[in-house]
Amino acid sequence: VVKMTDPKTKKVTYSASEGYDASKDDDAHKCGEATPSVGAIQINPGANKVEATVNQGVANITSVSLSVDGAVVSTQPGTGAGMYSFSVAIAPGQHTYVVTVVDDLYYQDGKQIVYPSSSGP
Numbered sequence: 044v045v046k047m048t049d050p051k052t053k054k055v056t057y058s059a060s061e062g063y064d065a066s067k068d069d070d071a072h073k074c075g076e077a078t079p080s081v082g083a084i085q086i087n088p089g090a091n092k093v094e095a096t097v098n099q100g101v102a103n104i105t106s107v108s109l110s111v112d113g114a115v116v117s118t119q120p121g122t123g124a125g126m127y128s129f130s131v132a133i134a135p136g137q138h139t140y141v142v143t144v145v146d147d148l149y150y151q152d153g154k155q156i157v158y159p160s161s162s163g164p
């Protein structure tokens, strides 16, 4: 299950990955164990690059992906905690960028930013 917070409205939404069955017993996960997380996201339009800091929980990171305006544009295999860099064309106008991390226990976290941020009232 991925928890996302909209940066504008601060509304929290949750989504479950395909195959998730809430009616099944779960003996792989424990309450309170550390899960992966996405830290800071930086957009570098001059270099056509998006970078994100990813933190590891109790399990190994299996993938880190970048979505732009709802479409996955790149997925990288997990190599542990640290900086992940995505080469992507930064199109003109305002866009929503989401970085999602998944570990081998299927814990997920995602963080989104809107770039460029709106500066209007």
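Residue numbering for the sequence shown follows the numbering used here, beginning at 44 and increasing consecutively. Glycine is no exception: its CB is placed at the ideal position from the N, C-alpha and C atoms. These figures come from a predicted structure and were not determined experimentally.
* Can you say whether residue 154 is buried or exposed, counting buried as having 16 or more other CB atoms within 10 angstroms of its CB? => buried
* Closest residue to residue 45 among 146, 160, 158, 159 (Cα-Cα distance) -> 146
* Asked: By the 10 Å Cβ neighbour count, where 16 or more other Cβ atoms means buried, how is residue 55 classified, buried or exposed?
  -> exposed
* **CB contact flag (residue 107, residue 99, <8 Å)** => no
* **C-alpha gap between residue 85 and residue 93, whole angstroms** => 6 Å
* To do: Could you name each continuous beta strand (DSSP E) segment of 3 residues or more that falls completely within the segment 100-156, going from the start of the chain to the end?
  => 104-111, 114-120, 125-130, 138-146
* Kindly list the residues whose CB is nearer than 8 Å to the CB of residue 112, restricted to its own chain and excluding five residues on each side of it in sequence; keep chain order. => 138, 139
* Mind checking who residue 58 pairs with in its DSSP beta bridge? => 45
* **Distance between residue 101 and residue 131 (C-alpha atoms, nearest Å)** => 30 Å
* Nonlocal neighbours in the same chain, by C-beta distance under 6 Å from residue 78, ignoring five residues either side -> 100, 150
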